[in-house]
Structure formats: structure tokens, C-alpha cells
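Colleague: I am attaching a structure below and will ask some questions about it afterwards.
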Amino acid sequence: MSDEPDGDDGADADAGENGENGASEGGVEPLQERTEELRERLESAETESDLDEIETELEAIEADLEPLVEAEAEDAEEGDDEDEEGPATTLSSDLETLGTDLEESRGPYAEDVVRELDEATEEVAETRWTDQGEAELEAAVEAYVAEVEELLAGEESVEGIEDAETLDTVERLTAQLEAVGSAIEAADLDPDEDGETLAGLVEATEELRAAIEDAQTWDDLSVREQLDAQGYYDVLSHNKDYPPEWGALKVHEKQGNVEMVLLALETFESDFMEEHALEALERMGDEAALETMAGRAEKRNRPAIRILGKIGVADEAVVETLTEYIDADSDPLLQKVTFRALGEMGSEAAVQPLANKLLADDPDTRSRAARALGLIGDTRTIDPLADVVADDEEDTVRASAAWALNRIGTEEALDALGEYDDDRSYLVQSEAERAAQV
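Under numbering that gives the first Met the number 0, think of the first position of the sequence shown as 0, with each following residue one higher.
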């Protein structure tokens, strides 16, 4: 009698060896071992060359694994365990994660810095800024240029701007930022040899983006500037620099006559006077304007909401109105001024709705929510903010949450930043270092 198994027994033996999901464990295990070795190499990699070698090996493992994944998929369709994930499929997911970690380990590169700077330059050029906003931008750009000059010392210098006196503020700032980008490109920085310089450029550019985000903007061109561009005010003598209506408004502002400024707002029908009356009220921040601004805020008037923030009184009805705008994801400009105003008011009633926005899909929304919570300073938000610092995918959002914890300033809030003094994000790291100095 033959000792060889019959056909059915052989088939059963093969099935037992391959397992229910089809892929041979013996085939997957060596790939798992190679993957673990590759992860260890990634953790100790120091140069771009190291990372390139790891990427090549990763691609080889993926190629070897592909037929095993396909076999598992075919067997799953034929069997009863379609929802059960086989070892090859699991390893495929691990390789995908490893690939993500590999990409995050690369750089920073000069082209990444230049791309961020180009976006910042475009924002400066295309946004309409208030006088205050232009002043804030000038300070931010001046600091940025100085920082880049210091970082690139011995490599490249930022060229001066020709005919700068003929340019307006925004044009000049845009030209300066373009010159910085050219200098960074010309420096031909190597991610290995110039890693410290590149890291400094990344940090400086992130700080510039944050400063641009915070600078004050106009929603539309001011009426006065439109008229001025057409020579409307050229006929005025030097003793009458302003129309009488505006001149009176300026005097009332200086004297603190809130009721007179409100009267001007309600009486004059021109956009010009409305604009400057609202600006005066925003600078004054007087509680006497609360009722009028609350009425305008009910109509989603953004300048009125800004003024309510400057007034800083957490009136129950006002807070109720503004809280409704927290979820206005389709109107980010309204959402932006609302978050800021509620933060400036210190509204405890807005804490939970704002905290919910820490989980929003949009990183700018999460960042603004974190900063608003920091302005409010409610200690109940320490844990949610600490979770953002720990888990959020965007470093700008993490930095905002770290800023908020510093702003809250309690021992618990500051302790939450203790472990981030060597964080991958320099903004988060600087907030952690600031917390440690308190």
C-alpha cells in the first residue's frame, strides 16, 4: 500500500499550511522581519542617503508582499471569513504607515520653505489690509528678513528692493518676500549639511505665516481710498485735511464721546462715514456701544462683532448670538471674528462650543478655536488643549493649543507643555520653553 497521501489529503494539508486566508505564514514572516529591521533603520537614519536606501528596501518588500495580499483577497472571497484580515493585508497596512513615517522623516527642504513663503507672499499681495494691518505686516516682514539674513550668513544675502520709494507698502513687502525666496533658493541648502539652517528657516516662515494670519484686514476697499485714488480730496486745503464730518468724528473719539460717535454712525448714510465711525468704536471699546453693536451683530455684521470683542463684556444675549456663529463653517470670515470676540469677552458659555471646534476638519478652524479658548482662560479646557498638542496632525494647530495653555497659565496648564521642549515643531517647542520659564 502506498504511503503517499491521496489527492484530498494533500489538498487539506495545503489548506492547513496556508491558513484560511490563503497566504503562507512562512511567506509573510520573513517580510515582517524585514519590515521590523527597516523600521529600526528608519529610527536611526541620519541622512537623506539613509532614507533613500530605506525607501528602496521598502519598495522591494511591497513588491514581494503584493502576490500574498492578492492570494489572501482571493481566498477571502471564496471562504466565509471575508471580514477577517490576513497577515499579508495587515503587513501591507504597516508598510503604508512606515512609508508615511519615512516621508515625515525627510527634510526640511529649501523648496518646502520657498513654497510656504510663496503662499505667504501671495496672501500679502492679494489681501486688502487696514493701516493697522500694514503696520503689523511691516514689523513681521522686517523681523523675518533679519532672521533669514542671519540664518543665511555666509551663504546668500537678501537683495535690496530697487525703487522701493515708488512702491506702496504692500508692493514693497511683497517684493521683499520675493527677494527672500530668491536668496533661499540661491543658497542651495543641503538637507543633511544645512539641516540646522533649514530648520531655522522653517520656524521663521511659520512665525511669519502666523503673523500674517493675525494682521488686521479689510473686507472691502474703503470708500475714502477709492475716492482719494480718483483725486476727490485734491481740492482740500492744508487747513482742512478732513471733511468736517470726519474731523468732528475724530475729535469725539479723542474726547471719548461714544454717544456722538454712535450718532454719526446712525445719521450719515455714506459708506465712508460708517466705516470710520465703526473704526473709532473699535478703538474706543466702550461698553456704551454694546447695545447698538449687538443689534448689528444679529445681522452677522463682522465689524460690529469685532467691536463687541474689544468691548469685552460677556453680555448673555450677545454671547447667545455669537455662539450661533461658531458653527458657521460656510462663512470662515464670520467664524474668525466670532472666535476672537468670544475669546476677548472671556465667555464661559462659549467654552464647550469652541472646544467642539478643536475637532473640526479645517486646521485653521481648530487653530482659531484653540486661541479663543486660551483667551477665555477656562481651566476646564486644559485637557482638551493638551490632547490637541499631543495628537493633532497640524503643527500650527498644536502651536496654537500650546499658546493657549501658556495663556491659561496655571501650574497644570504649564505642566502639560513640559514634555515638548524638544518637539518636532519649533513653535510648539518655543511655547514649551516659555512655559518652563514661568
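Positions of the beta carbon are idealized from the N, C-alpha and C atoms, including for glycine.
A quick note: this is a predicted structure, and the numbers were derived from the prediction, not measured.
Using the DSSP secondary-structure output, state which residues sit across from Trp128 in a beta bridge.
Modeller: As a working mapping, residue 128 is identified with position 129 in the sequence shown. Answer by DSSP bridge pairing, in chain order: Thr216.
Colleague: Helix, strand or coil for Pro331? Go by DSSP, reduced to three states.
Modeller: As a first step, residue 331 must be located in the sequence shown, where it is residue number 332. Three-state DSSP puts Pro331 in a helix.
Colleague: By the 10 Å Cβ neighbour count, where 16 or more other Cβ atoms means buried, how is Arg114 classified, buried or exposed?
Modeller: For this step, residue 114 is matched to residue 115 along the sequence shown. With fewer than 16 Cβ atoms within 10 Å of its Cβ, Arg114 is classed as exposed.
Colleague: Evaluate the contact criterion for the region 377 to 388 versus the region 415 to 424: three or more CB pairs, one atom per stretch, below 8 Å.
Modeller: With the cut-off at 8 Å, the region 377 to 388 and the region 415 to 424 touch.
Colleague: Are the Cβ atoms of Val336 and Arg282 separated by less than 8 Å?
Modeller: The residue given as residue 336 occupies position 337 in the sequence shown. The residue given as residue 282 occupies position 283 in the sequence shown. For Val336 and Arg282, no; Cβs fall outside 8 Å.
Colleague: State buried or exposed for Arg127, treating a residue as buried only when at least 16 other CB atoms are found within 10 Å of its CB.
Modeller: Numbered from 1 along the sequence shown, position 128 holds the residue referred to as residue 127. By the 10 Å Cβ count, Arg127 comes out exposed.
Colleague: When DSSP labels each residue in this structure, what does Tyr419 get in the three-state scheme?
Modeller: Here the question's residue 419 lines up with position 420 in the sequence shown. Reduced to three states, the DSSP call for Tyr419 is helix.
Colleague: Could you work out which residue in Val179, Lys356, Gly311 and His251 is closest to Ala327 when comparing CA atoms only?
Modeller: Stepping through the sequence shown from its first residue, residue 327 is reached at position 328. Here the closest residue by C-alpha is Lys356.
Colleague: How about the region 93 to 111 and the region 172 to 190: do they share at least three Cβ pairs that are nearer than 8 Å?
Modeller: Touching, per the Cβ criterion.
Colleague: Please report the distance separating the alpha-carbon of Thr99 from that of Ala209.
Modeller: If you number the sequence shown from 1, residue 99 lands on position 100. If you number the sequence shown from 1, residue 209 lands on position 210. Approximately 26 Å, taken between the alpha carbons.
Colleague: Looking at the unbroken alpha helix (DSSP H) that takes in Phe271, where does it start and where does it end?
Modeller: On the sequence shown, position 272 is the one that residue 271 refers to. Phe271 -> alpha helix (DSSP H) spans Asp270 to Met283.
Colleague: Taking Ala152 as the reference, which of Glu319, Gly199 and Val27 has the closest Cα?
Modeller: Position 153 of the sequence shown, counted from the first residue, corresponds to residue 152. The option with the nearest alpha carbon to Ala152 is Gly199.
Colleague: Can you tell me whether Thr380 is buried or exposed, with buried defined as 16 or more other CB within 10 angstroms of its CB?
Modeller: Taking the sequence shown and counting its residues from 1, one reaches residue 380 at position 381. Burial call: buried.
Colleague: Cβ atoms of Leu321 and Ala296: under 8 Å apart, would you say?
Modeller: Start at 1 with the first residue of the sequence shown, and residue 296 comes out as number 297. Start at 1 with the first residue of the sequence shown, and residue 321 comes out as number 322. Their beta carbons are under 8 Å apart, which means Ala296 touches Leu321 by this criterion.
Colleague: Given a threshold of 16 other Cβ atoms within 10 Å of its Cβ, counted over all protein chains shown, does Val455 qualify as buried or as exposed?
Modeller: Only positions 0 to 437 of the chain appear in the structure, and residue 455 is not among them; the question remains open.
Colleague: Are Leu90 and Ile53 closer than 8 Å when you measure CB to CB?
Modeller: Counted from its first residue, the sequence shown places residue 90 at position 91. Counted from its first residue, the sequence shown places residue 53 at position 54. No, the pair does not count as a contact, with Cβ atoms beyond the cut-off.
Colleague: Who are the Cβ neighbours of Leu172 in its own chain at under 6 Å, not counting the five residues just before and after it?
Modeller: Looking up residue 172 in the sequence shown gives position 173. Cβ neighbours of Leu172 beyond the five flanking positions: Val123, Leu136 and Val140.
Colleague: For Gln131, collect the residues of the same chain with a Cβ closer than 7 Å to its Cβ; drop the 5 residues on either side in sequence, then sort them by chain order.
Modeller: Your numbering for residue 131 matches position 132 in the sequence shown. Around Gln131: Gln215.
Colleague: Give the secondary structure of Gly159 by DSSP, where H, G and I count as helix, E and B as strand, and everything else as coil.
Modeller: Counted from its first residue, the sequence shown places residue 159 at position 160. Gly159 falls in the coil class under three-state DSSP.
Colleague: How should Gly230 be labelled, buried or exposed, when 16 other C-beta atoms within 10 angstroms of its C-beta is the threshold for buried?
Modeller: Position 231 of the sequence shown, counted from the start, is the residue given in the question as residue 230. Reliability of the predicted coordinates at Gly230 is poor, the pLDDT of 40 falling under 50, and the value obtained from them is presented with this limitation in mind. Looking at its Cβ environment, which holds fewer than 16 other Cβ atoms inside 10 Å, Gly230 is exposed.
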